[in-house]
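Before any comments, here is the structure.
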Ligand code: AMP
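In the numbering used here, the protein residues as written are -5 to 344.
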């Protein structure tokens, strides 16, 4: 068990790290952020900041030495340099990163555990694309195998002609059939260092332009019907990875049951509602898990909870957001309200 006053290292400097650091502070811990950007919004609320590139092994080793445990808030942290961090200090470990960083590996891993992803084919070279599209059929989505997030690195292919002229990056792509779904939901779980697993209620998630815009409880009946199967898969994934902390799996609810979309080995935007909408938030339970503390209750505190992301300039209308006294406004302190940038969120409970 990590004693109060201990230092938790967080790889990644964005809003997830910021909310983790705030939860850690409430439990009496100090946080040390490691991030390549010099304007980290997580570092603003943390005791220490190492501003260095991911491949700076010396900086990573010094950072790890200064921390009692290290975690991550970003799934694309390069795995190789993390070898300088003692394995028993990193929670969750590097295996969840290896699986989640490559869409093809991730789908194969999930299939191996009995899960069902969208129909897909790995496309490693330009010359394979036409046959791949033909085999899976259109409409579909071509996604980069690596480094994709929030709908980035994706091309919608509605006919064979759309695929012409697309250059496949060196790290390859995956072509997926478009799933005709009724809605999207996520399963967020926390697994403690003793293997105990708890789940939060699954919200209905709505995306705009590939970016989550809204999560709400209660989710439609179809989510309730499919969440049991989805949770079983998520639990198997967490167990197979020896996972400690909060992990998220996103699903499509379809007429044929839940279809796995992707996993995130970290706290997730579709769990921001848990700060006010659950007895224990995803952020606090992640800290509890990696600190070896008992897990908190994941129950929702109300039947209805709604979380809206504030994307781009809309976040700047602070007076309007606060004109609703019971709404919980969270701003991440980002300097620039660029289009598509997640600037904050609002949660309404009850
Ligand atoms: P991703 O980054 O892969 O999670 O994709 C972002 C969003 O694009 C998802 O949440 C869905 O709304 C949509 N999407 C991605 N893949 C598919 C698919 N195979 N079928 C239908 N919609 C998809």
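Note that CB positions come from ideal geometry on N, CA and C, so glycine has one too.
- Secondary structure within the region 31 to 82: the alpha helix (DSSP H) runs of 4 or more consecutive residues, fully enclosed, are 51 to 60 (chain order).
- Distances between the C-beta of residue 266 and the heavy atoms of the ligand AMP are all 6 Å or more.
- Between the C-alpha atoms of residue 14 and residue 159 there is a straight-line separation of about 43 Å.
- When DSSP reads this structure, residue 136 sits in a beta bridge with 149, 169.
- If you ignore the 5 residues before and after residue 289, its C-beta comes within less than 7 Å of the C-beta of 184, 186, 190, 192, 279, 282, 283, all in its own chain and listed in chain order.
- Selection 263, 330, 295 evaluated against residue 340 yields 263 as nearest (Cα-Cα).
- Between the ligand AMP and residue 216, a heavy atom-to-CB distance of less than 6 Å is absent.
- For residue 114, DSSP records a beta bridge to 170.
- Ranking 55, 311, 298, 174 by CA distance to the CA of residue 250 puts 174 first.
- By the beta-carbon neighbour count (other beta carbons within 10 angstroms, threshold 16), residue 52 is exposed.
- Counting along the chain, residue 231 sits inside no beta strand (DSSP E); it lies in the alpha helix (DSSP H) bounded by residues 215 to 234.
- The beta carbon of residue 255 sits closer than 6 Å to at least one heavy atom of the ligand AMP.
- Boundaries of the alpha helix (DSSP H) around residue 128: 123 to 130.
- Residue 319 is not a Cβ neighbour of residue 90, given a cutoff of 7 Å.
- The three-state reading of DSSP puts residue 163 in coil, since its state is none of H, G, I, E or B.
- Three or more beta-carbon pairs separated by less than 8 Å link the region 62 to 80 to the region -3 to 13, which places the two stretches in contact.
- Inclusion of residue 112 in the 6 Å shell around the ligand AMP follows from its C-beta lying nearer than that to a non-hydrogen atom of the ligand.
- Every unbroken stretch of the beta strand (DSSP E) spanning 3 or more residues and falling wholly within the region 166 to 210 is given here in chain order: 167 to 171, 177 to 185, 191 to 193, 198 to 202.
- Using a C-beta cut-off of 8 Å, the region 197 to 212 makes no contact with the region 160 to 172, since fewer than three inter-stretch Cβ pairs fall below that distance.
- Counting the other CB atoms within 10 Å of its CB gives residue -5 a total below 16, which places it among the exposed residues.
- According to the DSSP assignment, residue 303 belongs to no alpha helix (DSSP H) but to the beta strand (DSSP E) extending over 299 to 305.
- By the C-beta density criterion, residue 137 is buried, having at least 16 other C-beta atoms within 10 angstroms.
- A residue is called buried when at least 16 other Cβ atoms come within 10 angstroms of its Cβ; residue 242 meets this threshold and is buried.
- If you check the CB distance, residue 24 and residue 41 come in under 7 Å.
- Annotated three-state conformation of residue 13 is helix, per DSSP.
- Boundaries of the alpha helix (DSSP H) around residue 312: 312 to 316.
- Beta-bridge annotation (DSSP): residue 4 is paired with 27, 65.
- Between the C-alpha atoms of residue 100 and residue 317 there is a straight-line separation of about 44 Å.
- Nearest C-alpha to residue 215 among 229, 231, 176: 176.
- The alpha-carbon of residue 86 is positioned some 8 Å away from that of residue 236.
- Check the Cα spacing between residue 68 and each of 50, 6, 97: the tightest is with 6.
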